[in-house]
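Novice: Attaching a single structure in structure tokens format; questions to follow.
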Amino acid sequence: MYAYDEIDRTLVNERVSEFRDQVQRRLSGELTEDEFKMLRLQNGVYLQLHAYMFRVAIPYGTLASNQLRRLAHVARKYDRGYGHFTTRQNIQFNWIKLSDLPDALADLAEVGIHAMQTSGNNMRNVTSDQWAGVAPGEIEDPRIWSELIRQHTTLHPEFSFLPRKFKIAITASDHDRAAIKVHDIGLRLIKNEKNETGFEVLVGGGLGRTPFIGKTIKHFVHGRDLLSYIEAILRVYNQYGRRDNIYKARIKILVHELGIEKFSREVEEEWQHIRNSSLQIDDEVIEDIRSRFIYPAYEKLPHMPDELRQAAADPDFEAWRKNSVAAHKNPGYSIVTISLKPIGAPPGDATAEQMDALADLADTYSFGEIRVGHEQNLALPHVAKRDLPALWKALDKLGLATPNVNLITDIIACPGLDYCSLANARSIPIAQELTRRFANHELANLIGRLHINISGCINACGHHHVGHIGILGVEKNGEEVYQITIGGRADESAALGNLIGPGVKFDEVADVVEDIVEAYLALRERPEELFVDTVKRLGVEPFKERVYATR
Amino acid sequence: MPLVNGGKIADDSFVKLAVDTPLPEGGDVLVPAERFLSDTDALLKRGGKVGVIWPNNRDIGELVPHLGEIAVVALVFPSFRDGRAYSQARLLRERYNYRGELRATGQVLRDQFVFMLRAGFDSFEVKKQADAEAFMQTAKRYSVFYQPTGDGRITALHRRMQLRHSEGVGT
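Taken in order, these protein sequences are the chains called A and B. Quick note: the first sequence uses numbering that gives the first Met the number 0, first residue 0, plus one each step. Quick note: the second sequence uses numbering that gives the first Met the number 0, first residue 0, plus one each step.
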């Protein structure tokens, strides 16, 4: 956990005061809606179909129990008793009143939470691996660097009016849980031959209507140069990124149009001017940030405690443990993923009661810490193995022990036409229907790892391009039509999915997905061959044949 | 449109000339970049100060040879959403050491003042009278800054280092 100091607290409070003044000027008519729009967006406030939507940042996905309780409080006091966790380590409240927003922000500021730059054409919330600091084999905790970038990008005087939004993600593990290849800047923490920390820097990844996988712009940027290198990329983008067409304004288009070689030369030239400036970070600065991350005092605990041995007799517990519990760098502990994908419910939602109860469980079993992942699930990062059976019972009572992490019902979906003013089609009802079709745990387990991603429009908030099965809702002649892709992935082998054929109607989507899954089960070489690997081996054709043979 | 200079509303001694307006005998003039570059000598020879209005899509490097001869560089925000002039401002101040008046023009609104001050602007053609009157108050909204720019304000990282050393932490 990063603990705010007086400096961080002051800034967040100053931002709350500024926003209170801006809202007041809007309510009095001093600001036009057009002028206010950008100001509210810079603080995470969208106008949706039915109400204002408020997006709160959870930088690099780390939350303390008192922070989660405060999010529950905001849900209860200012909204309708629930919140929605997003694919970028944010939480959204869908029903908030404009006049309540400054108070909600002030309540959050008391526990060091803010909504700065969770929308708007600026540098967004920095995201990272939700297992940062606890994953076995991790090179070092990427959150130290994430926090450094969080500070540097907050209210940046040069880059608060970029051509378009700008997203940075960091990972320090071989297995990329932060989807860095589909970010404007992706950072992979590595060591050089002198064992110094640095980053492979990728640029120009992104989804939306023109998806691109990020390209490596530099194989090693030393940690001390990280901020100057990022600043150089941003400066080139701020000056040359397209502003004539909102759909061509992301950095991925600039990188694509210039080509990575020319773009990297521009960045290199800019960087040589600024790398030896006050942007250079010395070890002391890093140590200072590191010193404000609080790490648990782990005990030396057995790898296989009696409690776990006894609980193994319960098949329900075992199903959950095998699915939701992952190895921790400390062998006496585990990382527990908490599925926010119960059968038949909207993906990523949590009620205020669930948030409060989870905060209590985090205090009892996880050193008061909770994590938020881009798959719209939560995690308790430091659970002693002996506590797993007790934790499971408690989660089960809360409806938070669905053993479907990484399975076909662990669906990522945007809010879609149920909430969003940009959407062309519904997403949540598709997700709900699919979870009902595959509700049988044995079946889901037999299918194995399979990510379904659903977006309700071309903006791709549900990351459909990188779903093993991607579902994109569009509007055609006043009707919702869904285009289906297969073979995408968001991890270290990131790839864009391929279209299987013509779009299908709303009530055919679940049938089509069932057909695809049946085809996979018949085609896979062995049970261990994942869906996405079968697609890679055989291509789209056999799936296409199966789906369209009878349609 | 009120001009804020040195933190308060001030008279503007500069007259803006279009590309083809005849050059007045005396007085201070602000001219578009292309006119300045094509007619530099004539402009500089006459009495009165000369300033240049530099568009946000033209390389600011072209102006560098003349920075010692001009009194004002006016950068342009065609819309407050278009942030290119922030980069130009920082380059002028931090890379090219321009010390003359750096003016923000176009859609300049209250909520950009802090960003503009940090990027190096020191004069502002403010769109609304009320915003101009609120300048000083708005400029003091923030006391904490995370990024180093050329404006001399101490950054949070630096302040923490000072605190550490004064408390003897880590020594």
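From the three backbone atoms N, C-alpha and C, an ideal C-beta is built for every residue, glycine too.
Output the boundary residues of the alpha helix (DSSP H) element that contains residue 349(A).
Specialist: First-last for residue 349(A): 348-350, but that is the beta strand (DSSP E), not the alpha helix (DSSP H).
Novice: What three-state label does DSSP hand residue 140(B) in the structure shown?
Specialist: The answer is coil: DSSP assigns residue 140(B) none of H, G, I, E or B.
Novice: Please report the straight-line C-alpha distance between residue 170(B) and residue 283(A), rounded to a whole angstrom.
Specialist: Residue placement at residue 170(B) is poorly supported in this model, since its pLDDT is 41, which falls under 50; the coordinates still yield a value, given next. C-alpha of residue 170(B) to C-alpha of residue 283(A): approximately 11 angstroms in a straight line.
Novice: Could you work out which residue in 438(A), 432(A), 483(A) is closest to residue 457(A) when comparing CA atoms only?
Specialist: The option with the nearest alpha carbon to residue 457(A) is 483(A).
Novice: Within its chain, find whatever has a CB closer than 7 angstroms to the CB of residue 140(B); leave out the 5 residues flanking it on each side and keep chain order.
Specialist: Answer for residue 140(B): 113, listed in chain order.
Novice: At 7 angstroms on the CB atoms, spell out the chain A contacts of residue 108(B), in chain order.
Specialist: 34
Novice: Roughly how far, in whole angstroms, is the beta-carbon of residue 186(A) from the beta-carbon of residue 280(A), given that I think they are within contact range, below 8 angstroms?
Specialist: Wrong, their Cβ atoms sit about 14 angstroms apart, outside the cutoff.
Novice: List the endpoints of the continuous beta strand (DSSP E) containing residue 75(B).
Specialist: Residue 75(B) -> beta strand (DSSP E) spans 71-76.
Novice: Which same chain residues, not among the five before or five after residue 135(A), have their C-beta less than 6 angstroms away from its C-beta?
Specialist: 326, 328
Novice: For residue 107(A), which residues of its own chain have a beta-carbon under 7 angstroms away from its beta-carbon, when the five flanking residues on both sides are left out?
Specialist: Excluding sequence neighbours, residue 107(A) sits near 55, 69, 73, 113.
Novice: Determine the closest residue to residue 189(A) out of 534(A), 169(A), 206(A), 501(A), with distance taken between C-alpha atoms.
Specialist: 169(A)
Novice: Measure from the C-beta of residue 95(B) to each C-beta in chain A and report whether the shortest distance is under 8 angstroms.
Specialist: Judged by the 8 angstroms Cβ criterion, residue 95(B) is not in contact with chain A.
Novice: Can you list the alpha helix (DSSP H) stretches of 4 or more residues lying completely in the region 487-535 of chain A, in chain order?
Specialist: 508-522
Novice: Looking at residue 198(A) and the ligand FAD, is the gap between the Cβ and the nearest heavy atom below 7 angstroms?
Specialist: Ligands in the displayed structure: none, and consequently the ligand FAD is not present.
Novice: Helix or strand or just coil, what does DSSP make of residue 154(A)?
Specialist: Three-state result, residue 154(A): coil.
Novice: With 8 angstroms set as the bound, which would you pick, yes or no: does the beta-carbon of residue 3(B) sit closer than that to a beta-carbon of chain A?
Specialist: no
Novice: What does residue 19(B) touch in chain A if you count any residue whose Cβ is under 9 angstroms from its own?
Specialist: What residue 19(B) touches in chain A: nothing, since even the nearest Cβ is about 27 angstroms away.
Novice: Which bits of chain A does residue 79(B) rub up against, with CB to CB less than 9 angstroms?
Specialist: Chain A residues near residue 79(B): 34, 37, 160.
Novice: Relative to the C-alpha of residue 123(B), which residue among 107(B), 117(B), 91(B) is closest?
Specialist: 107(B)
Novice: Flag this pair as yes or no: are the beta carbons of residue 377(A) and residue 337(A) separated by less than 8 angstroms?
Specialist: yes
Novice: As a quick exercise: from 64(B), 164(B), 109(B), pick the residue whose alpha carbon is nearest that of residue 133(B).
Specialist: 109(B)
Novice: What does the Cβ neighbour count give for residue 370(A), buried or exposed, with the cut at 16 atoms within 10 Å?
Specialist: buried
Novice: My output table needs one value for residue 211(A): the three-state DSSP class, helix, strand or coil.
Specialist: strand
Novice: Taking the DSSP output, what are the residues bridged to residue 102(B)?
Specialist: 73(B), 122(B)
Novice: Assess, as a yes-or-no matter, whether the region 84-100 of chain B is touched by the region 55-75 of chain B under the definition of 3 or more beta carbon pairs within less than 8 angstroms.
Specialist: yes
Novice: Comparing C-alpha positions only, which one of 247(A), 180(A), 85(A), 160(A) sits nearest to residue 491(A)?
Specialist: 180(A)
Novice: The alpha helix (DSSP H) with residue 94(A) in it runs from where to where?
Specialist: From DSSP, residue 94(A) is part of no alpha helix (DSSP H) but of the beta strand (DSSP E) over 89-95.
Novice: Please list the residues of the region 132-162 of chain B that have a C-beta atom closer than 7 angstroms to any C-beta atom in chain A, keeping them in chain order.
Specialist: 140, 141, 142, 143, 145, 146, 147, 148, 155, 156, 158, 159, 160
Novice: Using 8 angstroms as the threshold, is the C-beta distance between residue 42(B) and residue 53(B) below it?
Specialist: Against a cut-off of 8 angstroms, the Cβ pair of residue 53(B) and residue 42(B) comes out as no contact.
Novice: Please list the partners that residue 118(B) has in chain A, where partner means a Cβ-to-Cβ separation under 8 angstroms.
Specialist: 156, 157
Novice: To the nearest angstrom, how far is the alpha carbon of residue 442(A) from that of residue 510(A)?
Specialist: 16 angstroms
Novice: In whole angstroms, what is the alpha-carbon distance linking residue 257(A) and residue 239(A)?
Specialist: A direct Cα-Cα distance of roughly 10 angstroms separates residue 257(A) from residue 239(A).
Novice: Quickly, what does DSSP pair residue 50(B) with across the bridge? List them, please.
Specialist: 29(B), 71(B)
Novice: Can you name, in chain order, every residue of its own chain whose Cβ lies under 6 angstroms from the Cβ of residue 111(A), other than the five neighbours on each side?
Specialist: 3
Novice: In the DSSP assignment, what residue or residues form a beta bridge with residue 262(A)?
Specialist: Answer by DSSP bridge pairing: none, since residue 262(A) is not bridged.
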